[in-house]
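> Residue numbers (the numbering used here): 634 to 1260.
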């Protein structure tokens, strides 16, 4: 063992002591620096974290913007909804019992409350979650009276969407429901959170960014048990309340009086739709789809039983029949065929064809509704003579007819801007050749000319087409929103009419076709003559009876149901007043039968309600122009 001298031992100790002192000094310096950083540099950050440990932030939902019709009547608005928020971590058995008693919950209701609390994830159990929404005022008062005795309970008055017209215009207006976890994944940074609602369908969805507004917040100081501190214990130097910013209002082009008129006129018919547009602007006055659904039901939340009931309804209440569904147009398509023949100088209006009640193409017999004998184009329109248009189609050809159909907006979306809009379909020779083993048959042209075959249109497309016929050839984009306003009426955005295109058709030919449409309603031989209102607003229009091929009858099918499903669709497309058109209308009665008997009276009644006093309106005298 090596022994150190006393002198060397003292030196070694001093050396170790210096290192110890240095270590202590460095450690103390580190502590000082850390304290300096925490208390001065990062003070705001950690103070905020401390605050959050004892601060509950309650979101203050913004009031959603109003939706009004063009006369200013409220279609959609927010009403007060009384809601109960709870902190799951503070909800023990006594608290659950007390709340259940104050709200008069039955046993299943109490169990649903327990289940809701159990489903809250651990990371959110110290936060407020919405336990009950839209409770009564009496229930709200009962909770408020005992709130001091209920730690972890908060009451909030929040807006709830309300629709005064219920099912009227439901597909167009749309509704709200809560965002899902899947929704939130794709909406980062947009301000949505769990429990928020957003527009689902219709205008509520399409104009969500305008209607929504910006939420505010209320910061509430609570103790460790979740009880709200009194005013003296709050932090007045910090803002406690950030006011919400209300959404903007929409002023629509829809007229709810006209919508109600369509609803009245449609009584007795289970399914169909009505579209009315301003012929000079393209502004939509009516989008009526039947059957509909009560928007307030969807906002409050539907039971699974109710959802199943709607899905199983054979009349499809969830389907918008004005824009989403497309149909064979039947004879409402014939003005297109007539204009193609006239504009291409293939068949003058004075050309006569004989109608024995059918037309033979080779060995195939194409039928007509009646024997019309010798007839020209004018009377072919008035009486809806299929034979005349079969003969016309043979000479004009399917591609020319299709070209004019597309010119009038058929076969392509109108751009109305809500929901999922169907394109419809206008077949061509190329399409038929490709889809029929490279073989085109002339019969395809014949069926197309009368609006059958594979031609499909939507109600909104047909309405815009007839508006263009009425106004002299201007095809508009249909418009649903006229302006965006602040709550005080200040206009933020105003939307003028949008012209889609000017149709290249000789005005003389348009007038000729319009005279034929006037005769449909006002000539004794016209297919809608029985639907006219004597002394009322003069109407020009075209009936349509579109055949529906459902195939062979299934022996297991209800014969009464089968009879309805195989019945033709009933159409009437028109404009009025005939001498100075203001409104164009299209009515479809699904499986209604003869257009002149079922669809025409609905359309003429709606126009009559909208356009004036029948005692002061005189029928115009139109001078026939024969190209």
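Think of the CB as a built atom: it goes at the ideal place given N, C-alpha and C, for glycine as much as any other residue. Quick caveat, the model's predicted, so the values are computed rather than measured.
(1) By how many angstroms is the C-alpha of residue 852 removed from the C-alpha of residue 865?
(2) Compare the beta carbon distance of residue 776 and residue 717 with 8 Å and say whether it is the shorter of the two.
(3) Please classify residue 1219: does DSSP put it in a helix, a strand, or coil?
(4) Find out if the Cβ-Cβ distance for the pair residue 1034, residue 1091 is shorter than 8 Å.
(5) Who pairs with residue 885 in a beta bridge, going by DSSP?
(6) Quick one: what does DSSP say residue 1244 is sitting in, helix, strand or coil?
(7) Excluding sequence positions up to five away, which residues of its chain have a Cβ less than 7 Å from the Cβ of residue 683?
(8) Could I get the ranges of all uninterrupted alpha helix (DSSP H) runs contained in the segment 906 to 967, with 4 residues as the minimum, in chain order?
(9) Determine the contact status of residue 768 and residue 746, defining contact as a CB-CB distance below 8 Å.
(10) If you pair each beta-carbon of the segment 1049 to 1069 with each one of the segment 1007 to 1017, do three or more pairs fall below 8 Å?
(11) Measure the alpha-carbon distance for residue 994 versus residue 1219 and round it to whole angstroms.
(12) Thinking C-beta only, is residue 1176 closer than 8 Å to residue 1233?
(13) Assuming residue 1000 is part of the beta strand (DSSP E), what are its boundary residues?
(14) Pick from 1160, 1171, 1208, 1166: whose alpha carbon is nearest that of residue 1229?
(15) Thinking C-alpha only, which one of 1145, 1245, 803, 798 is nearest residue 920?
(16) With a threshold of 7 Å, establish whether the CB of residue 796 neighbours any heavy atom of the ligand SAH.
(17) So for residue 795, helix, strand or coil by DSSP?
(18) Could you have a look at residue 787 and say whether DSSP puts it in helix, strand or coil?
(19) Thinking just about the alpha-carbon of each residue, which of 951, 712, 965 is nearest to the one in residue 695?
(20) Between residue 754 and residue 815, what straight-line distance do the alpha-carbon atoms span, to the nearest angstrom?
(21) Out of 883, 842, 771, 797, point me to the one whose CA is closest to residue 1121's CA.
(22) What does the Cβ neighbour count give for residue 832, buried or exposed, with the cut at 16 atoms within 10 Å?
(23) May I ask you to verify whether the segment 954 to 966 touches the segment 979 to 998, counting CB pairs closer than 8 Å and requiring at least 3?
(24) Would you call the segment 963 to 977 and the segment 925 to 940 touching, i.e. three or more CB-CB distances under 8 Å?
(25) Beta-carbon within less than 7 Å of residue 989's beta-carbon, same chain only, minus the 5 sequence neighbours each way: which residues are those?
(26) Going straight from the alpha carbon of residue 837 to that of residue 1015, what length do you get?
(27) Suppose contacts are defined by Cβ-Cβ distances below 8 Å. Is residue 1043 in contact with residue 1029 by that definition?
(28) In the segment 1144 to 1182, which residue ranges form an unbroken beta strand (DSSP E) of at least 3 residues, counting only runs that do not cross its ends?
This is what the structure gives:
(1) Summary for residue 865: the model assigns pLDDT 46, below 50, so the residue's position carries little reliability; its value from the coordinates is reported in the next sentence. Cα-Cα distance, rounded: 15 Å.
(2) yes
(3) strand
(4) no
(5) 1114
(6) helix
(7) Summary for residue 683: the model assigns pLDDT 49, below 50, so the residue's position carries little reliability; its value from the coordinates is reported in the next sentence. Same-chain partners within the cutoff: there are none.
(8) 928 to 933, 937 to 945
(9) no
(10) no
(11) 33 Å
(12) yes
(13) 997 to 1000
(14) 1160
(15) 803
(16) As for the ligand SAH, it is missing from this structure, which has no ligand bound.
(17) strand
(18) strand
(19) 712
(20) 17 Å
(21) 883
(22) buried
(23) no
(24) no
(25) 1004
(26) 42 Å
(27) no
(28) 1173 to 1179
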